[in-house]
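A.B. asks: Numbering (the UniProt record's numbering), first residue to last: 1 to 144.
All residues carry an ideal CB built from backbone N, CA and C; glycine is no exception.
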Amino acid sequence: MSRSPRPSKYHGDEDDPRYPSPRFLRSIGAVVVDVAVHGGIAFAVGSSGTPGIVTGALAVAAYLVASFVNTTLVQWVLRASVGKALFGLAVIRGKDGGRPTFGNLLVWYFLRGINLALENSSDGYQQVVAVRRRDIRRPAQLAT
Numbered sequence: 001m002s003r004s005p006r007p008s009k010y011h012g013d014e015d016d017p018r019y020p021s022p023r024f025l026r027s028i029g030a031v032v033v034d035v036a037v038h039g040g041i042a043f044a045v046g047s048s049g050t051p052g053i054v055t056g057a058l059a060v061a062a063y064l065v066a067s068f069v070n071t072t073l074v075q076w077v078l079r080a081s082v083g084k085a086l087f088g089l090a091v092i093r094g095k096d097g098g099r100p101t102f103g104n105l106l107v108w109y110f111l112r113g114i115n116l117a118l119e120n121s122s123d124g125y126q127q128v129v130a131v132r133r134r135d136i137r138r139p140a141q142l143a144t
């Protein structure tokens with residue numbers, strides 16, 4: 001008796017046949033690049049002044065600002081952070097596979113540290129999902 005595949009809970013779910021390309025290692029690589037970019041900016045700010053509490057605080061603030069800009073604004077405009085773009089990933093809304101709104105990305109940015117918010121929203125789907133860019137279908141592709 002063969003087991004039928006589990007239905008997808010949301011667009012981009014790991015078992016979703018609409019997004020078949022593996023992306024786990026790409027996601028790890030993207031996170032490493034993003035953290036390196038944020039850290040590089042913080043290091044540049046922190047090493048530009050005299051060592052001390054103020055310079056350290058500026059470096060932490062620079063990291064947080066770089067992280068916010070890359071995770072919300074850049075992904076809103078380009079549909080991918082710097083790291084995701086380098087690894088061929090793009091973000092979609094888990095609800096319908098569409099382009100995430102700035103509000104989706106804002107909520108995702110502030111709640112992603114909370115495991116429940118990261119895994120599933122109250123509606124049972126993940127808010128923002130990273131998938132291979134080549135797996136995203138455009139309306140013209142769906143018609144053929």
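Mark V137 as exposed unless 16 or more other C-beta atoms lie within 10 angstroms of its C-beta, in which case mark it buried.
C.D. replies: At residue 137 the sequence reads Arg, which differs from the Val that was named. Exposed is the call here.
A.B. asks: Rounded to a whole number of angstroms, what is the C-alpha to C-alpha distance between R133 and I53?
C.D. replies: 42 Å
A.B. asks: So the beta strand (DSSP E) V74 belongs to, where does it begin and stop?
C.D. replies: No beta strand (DSSP E) holds V74; DSSP gives it neither H nor E.
A.B. asks: Our contact map puts L86 next to A130 with C-beta atoms below 8 Å; I'd like the distance itself, whole angstroms only.
C.D. replies: Actually they are not in contact, since the Cβ atoms of L86 and A130 sit about 13 Å apart, beyond 8 Å.
A.B. asks: What beta strand (DSSP E) runs, 3 residues minimum, are completely inside the UniProt domain "RDD" (38-107)?
C.D. replies: Runs found: 89-93.
A.B. asks: Just to confirm my understanding: we take F107, look at its own chain, exclude 5 residues before and 5 after, and list those with CB closer than 7 Å. What are they?
C.D. replies: The question names Phe, yet the displayed sequence has Val at residue 107. Closer than 7 Å at the Cβ level, and outside the excluded window around V107, lie Q127.
A.B. asks: Would you say the segment 51-70 touches the segment 34-43, given that touching needs at least three Cβ pairs under 8 Å?
C.D. replies: Flag = yes, the segment 51-70 and the segment 34-43 touch.
A.B. asks: Once DSSP output is grouped into helix, strand and coil, what is the label at R133?
C.D. replies: Here R133 sits in helix by DSSP.
A.B. asks: Among D96, V33 and V69, which one has its Cα closest to the Cα of R18?
C.D. replies: D96
A.B. asks: Answer with buried or exposed for G103, where buried requires no fewer than 16 other C-beta atoms within 10 angstroms of its C-beta.
C.D. replies: exposed
A.B. asks: Per DSSP, V128 forms a beta bridge with which residues?
C.D. replies: Residue pairing of V128 in beta bridges, as defined by DSSP: R93.
A.B. asks: Using C-beta distances below 7 Å, list every residue in its chain close to E14, excluding the 5 sequence neighbours before and after it, in chain order.
C.D. replies: none
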